[in-house]
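Numbering (my numbering), first residue to last: 74 to 294.
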């Protein structure tokens, strides 16, 4: 898989110094600057220390099964156009070399809800999806002709269980607090949504789980 992060630092120089500091024990395969420059810090075949505790699709040691990309962003600002353009140039080669499907390009918060919030609600996942570099609820270059999400049904007594099951099929770890899972899900797929779990959240999660299950054998027809 590919895990996207933001640096939460003042600039790429500060991030580069930290990522190369052996005493800190944190690293990533790539750093993409807000000016569009890109540094490869770890060979793709090597393990980088970027993900930490968490899991995706039941895979606990994410560091050993992923390419980590740090994006030069302070966590409060929009992602720059040069950065996004460079990321769009970087990802296709990685996905092709390692045969990674678009649904396995994830955010740090996806694999560690409640512990991590990056790349955050300002990151443009839909832009990547239009080029087949990530998954998104509406049809994209990766799944031309996909249907729209189902109509939201009224909430029932087991609405939180249904939501957790759908999120789990997508790959999210679902054993933690519901609010953490919901926030991570919305940061990825419904960035304007707020408030408690809604019928719309559940319908969206079920729709995505049918189209992008982490286990392809569970893909609905």
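Glycine included, C-beta positions come from ideal geometry on N, C-alpha and C.
- Query: With 16 as the cutoff for other CB atoms within 10 Å, does residue 83 come out buried or exposed?
  - Reply: Exposed: under 16 other Cβ atoms inside 10 Å.
(request) Report all residues from its chain with a CB closer than 6 Å to the CB of residue 297; omit the five preceding and five following residues, and keep chain order. (result) Absent from the structure is residue 297, since the part of the chain shown begins at 74 and ends at 294.
- Query: How many Å lie between residue 295 and residue 241 at the Cα?
  - Reply: Nothing can be reported for residue 295: it is not among the residues displayed for the chain, which extend from 74 to 294.
Requested in this report: Closer than 8 Å by C-beta to residue 117: which residues in its own chain qualify, once you throw out the five before and the five after it? Chain order, please.
Outcome: 102, 140, 167, 170 and 171, listed in sequence order.
Which complete beta strand (DSSP E) runs does the region 95–154 hold, if anything under 3 residues is left out? You should have 103–105, 111–113 and 140–144.
Run through the DSSP bridge pairs and tell me what residue 361 is partnered with. Limits of the chain in this structure are 74 at one end and 294 at the other, which puts residue 361 out of reach.
Between which two residues does the alpha helix (DSSP H) containing residue 238 stretch? Annotation for residue 238: the continuous alpha helix (DSSP H) segment containing it runs 232–243.
(message) Mapping the DSSP letters down to three states, classify residue 189 as helix, strand or coil.
(response) Strand at residue 189.
Decide yes or no for the touch test of the region 231–238 against the region 177–188: beta carbon pairs closer than 8 Å, at least 3 of them.
-> These segments do not touch.
- By Cβ distance below 6 Å, which residues in the same chain neighbour residue 99 in space, the five residues on each side in sequence not counted? The answer, listed in chain order, is 122.
If you run the structure through DSSP and keep just helix, strand and coil, what is residue 278? DSSP places residue 278 in helix when its eight states are reduced to three.
Quiz item: DSSP three-state call for residue 197: helix, strand or coil?
Solution: The DSSP-derived three-state label of residue 197 is coil.
When we look at the beta-carbon of residue 182 and count the other beta-carbons within 10 Å, is it buried (16 or more) or exposed?
Looking at its Cβ environment, which holds 16 or more other Cβ atoms inside 10 Å, residue 182 is buried.
Subject >> Exposure label - residue 191; buried when at least 16 CB within 10 Å >> reply: Residue 191 sits buried, since 16 or more C-beta atoms from the chains shown fall within 10 Å of its C-beta.
request  = Look at residue 274 and residue 236 and say whether their C-beta atoms are less than 8 Å apart.
outcome  = Their beta carbons are under 8 Å apart, which means residue 274 touches residue 236 by this criterion.
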